[in-house]
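Numbered according to our numbering, the sequence shown terminates at residue 1297, and the numbering increases by one at each position without gaps.
Everything below concerns the one structure shown next.
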Amino acid sequence: MSFDNVVSRLGEFGPYQRKIYFLLCLPAILCAFQKMGNVFLVAEPDYRCRLPDEPKNASYHLNNTILSTYYPKDKLHQKYSSCEIIIDGKIEKCDSYIFDDSVYGYTSVIEYDLTCSKAYLIATSNAIFMVGVMLGSIGFGEMSDRCGRKLTFFVSLVSLLVTGLIAAIAPELWTFTFARMCVGACTSGVFLVAYVIGLEMVGPSKRFIAGTVCHIFFSFGYTLISPMAYYIYDWRWLQFALTIPGVFFLMYWWLIPESARWLLTKERTKEAKKLIQEAAKYNKVSITDETLDQLLADAKGTNVPKDNQTTSILHVFKYPNMRKKTLVIFFDWFANNLTYYGLSWNSNNLAGNPYLNFVLLGAVEIPGYLILLLFLNRWGRTKLMCCCMMVAGIMLLISIAVPKEHQWLIITLTMLGKLSITASYGAVYILSTEQFPTVVRNAGLGAGSTMARFGSILAPYINALVRIALEMRRGIDINIELFQAHVWQPLPLLIFGSAALIGGVMSLVLPETLNKKLPETMEEGEMFGRKKKKLDINEMDLNQPNKLTENGNAEDKLVQNNGAQ
733 MSFDNVVSRL
743 GEFGPYQRKI
753 YFLLCLPAIL
763 CAFQKMGNVF
773 LVAEPDYRCR
783 LPDEPKNASY
793 HLNNTILSTY
803 YPKDKLHQKY
813 SSCEIIIDGK
823 IEKCDSYIFD
833 DSVYGYTSVI
843 EYDLTCSKAY
853 LIATSNAIFM
863 VGVMLGSIGF
873 GEMSDRCGRK
883 LTFFVSLVSL
893 LVTGLIAAIA
903 PELWTFTFAR
913 MCVGACTSGV
923 FLVAYVIGLE
933 MVGPSKRFIA
943 GTVCHIFFSF
953 GYTLISPMAY
963 YIYDWRWLQF
973 ALTIPGVFFL
983 MYWWLIPESA
993 RWLLTKERTK
1003 EAKKLIQEAA
1013 KYNKVSITDE
1023 TLDQLLADAK
1033 GTNVPKDNQT
1043 TSILHVFKYP
1053 NMRKKTLVIF
1063 FDWFANNLTY
1073 YGLSWNSNNL
1083 AGNPYLNFVL
1093 LGAVEIPGYL
1103 ILLLFLNRWG
1113 RTKLMCCCMM
1123 VAGIMLLISI
1133 AVPKEHQWLI
1143 ITLTMLGKLS
1153 ITASYGAVYI
1163 LSTEQFPTVV
1173 RNAGLGAGST
1183 MARFGSILAP
1193 YINALVRIAL
1203 EMRRGIDINI
1213 ELFQAHVWQP
1223 LPLLIFGSAA
1233 LIGGVMSLVL
1243 PETLNKKLPE
1253 TMEEGEMFGR
1263 KKKKLDINEM
1273 DLNQPNKLTE
1283 NGNAEDKLVQ
1293 NNGAQ
């Protein structure tokens, strides 16, 4: 018997669990604010060189006569240069700039003068933020297991508030970048710990729904950022507005309980028993002390980690089948995160209104998660994830071939790609958890999540390839504008689409886990999904029947134990 039997007595998703779960889902909105707010905090507006003797607060817009006199023109695009100016008949680099603040307002790019040769620092700032997310998932995850879910949740929440406010008043770029990195780390603590508490208090049949709905709250917060950015002109006030709602969640200290499962792993049975009785009373369920004592006594042994369990994630590479599956899963994590954040942070590069595009990119996530709720337990984990990744890749690759004058079609295809990759991103959590054997399940999930962070760290640089290409051609005598226009411009979507499509095709080798008995040991993990070899009677060595029977029985036993196909 396990702790799930205790939850079953309380009600798998009773009134008490629903109340706490709702309160835990709300901070996911705050995490979305910080993770996706970069799109507007470091938005890159149009700019031009400041003319001699021109005031710094001059208007960005000039008449064609002045433009043609002072600014060199790109022959292919017929656009005036943003980084060069003509002085006394010579083309020179700009000393200072005039920005167009009519679209994004006063952004940190204007504040810190991230223009031309320094424009790559925009991608660097976003990448360092995701480094913080990766470090936070490791650090706060470890703290959660050692010090408790509740303490970790509120420590990360307070830290998010402090570092978020520091970012809002940062005097220079690197202070801002470091503060935002710390914010990224804290979002991992807030979201992941709240996610774990929510799942640990519900019954087995409700965990999938609980996990998915938590992501829907994140997507809802995603859609709220755009109207906030539209009405708040200054990036510092926007950072403040994205951070300050966390003060409301600090009131949760008296409402959010510690995880009873975690208390049992620490042998704090008395506290766990008190929490369970409070939940039972709220749910109007009667559990006698004798019954609860028996349930907790039976559950205690199943929640305490085994001291002699020393298997690590590296052990999976000793087994050929597990090695193959693990490498595919790692690439899936990488491709999903690369594509998801690449599209999320690319809304400013799409044609049309950037605020509307951003809202749509967030809104399409909700039907993506609904697809998971409706079909994951019907179609299976592997089939759904493969299908969604391939659809996402195909949509993005098709969008590259669409003529630029059909911008509505490009945006539509991009939104379909975002919807599909969102569903795939949700499925990879479940699929990864069920593919790894029990002895390395948590380690495997953590390793996959780490691979995902490398994708999100790389995503802003891929989105900046067009800007990098423009800087690369400066000082080069040959004309490569044509190469830049037809190769570099669609390259980000080409990379995202290819990664998703390749990941979807590769995942076809993964076995289905729906309604299967999951592997417990490394040996069962090796046999899971492995096709049983059929022996030709003509090739059998009839002189060694005992050896053949022994090997065949051993293989049959492993197959039966893990329910492999």
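Built from N, CA and C at the ideal position, the CB exists for glycine as well.
An exposed status is given to residue 790, since fewer than 16 other beta-carbon atoms sit within 10 Å of its beta-carbon. The region 741–749 makes no contact with the region 944–964, as fewer than three CB pairs between them are under 8 Å. Nearest Cα to residue 867 within the set 796, 739, 902 and 912: 912.
Here DSSP, grouped into helix, strand and coil, assigns residue 819 to strand.
Under DSSP, residue 781 forms a beta bridge with 829. If you look at residue 747, you'll find it in the alpha helix (DSSP H) that goes 747–757. Counting only residues of its own chain and dropping the five nearest sequence neighbours on each side, residue 884 has a CB closer than 7 Å to the CB of 872, 875, 876, 921 and 925.
Residue 1238 and residue 1060 do touch by the CB rule: their CB atoms are close to 5 Å apart, below 8 Å.
Of all C-beta pairs linking the region 966–973 to the region 982–993, fewer than three are shorter than 8 Å, placing the two stretches out of contact. Boundaries of the alpha helix (DSSP H) around residue 1099: 1097–1111. With distances taken between CA atoms, residue 1167 lies nearest to 1257 out of 1134, 1225 and 1257. By DSSP's assignment, residue 805 forms a beta bridge with 812. Out of 765, 1255, 1025 and 844, the CA that lies nearest to the CA of residue 960 is found in 765. Here the alpha carbon of residue 891 sits roughly 18 Å from the alpha carbon of residue 927. Counting only runs that start and end inside the region 906–968, the alpha helix (DSSP H) elements of at least 4 residues fall at 939–963.
Within 10 angstroms of the beta-carbon of residue 780 lie 16 or more other beta-carbons, which makes it buried. In terms of CA proximity to residue 1106, 1158 leads the group 1131, 1084, 1092 and 1158. Put simply, the region 1174–1190 does not touch the region 1094–1111. Fewer than three CB pairs are less than 8 Å apart. For a cut-off of 8 Å, the C-beta gap from residue 824 to residue 817 is around 6 Å, short enough to register as a contact. As DSSP reads the structure, residue 824 sits in a beta bridge with 817. In the DSSP assignment, residue 994 falls within the unbroken alpha helix (DSSP H) covering 992–997. By the Cβ rule, the region 771–778 counts as touching the region 829–848, because three or more pairs are nearer than 8 Å. Fewer than three beta-carbon pairs drawn from the region 1110–1119 and the region 1170–1186 are found closer than 8 Å, and the two stretches are therefore not classed as touching. Taking the C-beta atoms as reference points, residue 860 is found no nearer than 8 Å to residue 919. Taking the Cα of residue 1133 as reference, the smallest distance to any Cα among 1145, 947, 851 and 1085 is reached at 1145.
If you draw a straight line from the Cα of residue 1236 to the Cα of residue 854, it is about 31 Å long. Residue 1078 sits away from residue 1086, with the two beta carbons spaced by 8 Å or more. Taking the Cα positions, residue 1072 is about 6 Å away from residue 1153.
Annotated as distal: residue 1127 and residue 1094, with beta-carbon spacing of 8 Å or more. The alpha-carbon of residue 906 is positioned some 47 Å away from that of residue 1244.
Under the three-state reduction of DSSP output, residue 792 falls in the coil class, being neither helix nor strand.
It is roughly 17 Å from the alpha-carbon of residue 1223 to the alpha-carbon of residue 852.
Taking a C-beta distance under 8 Å as the contact criterion, residue 814 and residue 804 do not qualify as a contact pair. In the displayed model, residue 1072 falls within a helix according to three-state DSSP. Classified as buried, residue 1089 has 16 or more neighbouring CB atoms from the shown chains inside 10 Å of its CB. In the structure shown, the three-state DSSP call for residue 984 is helix.
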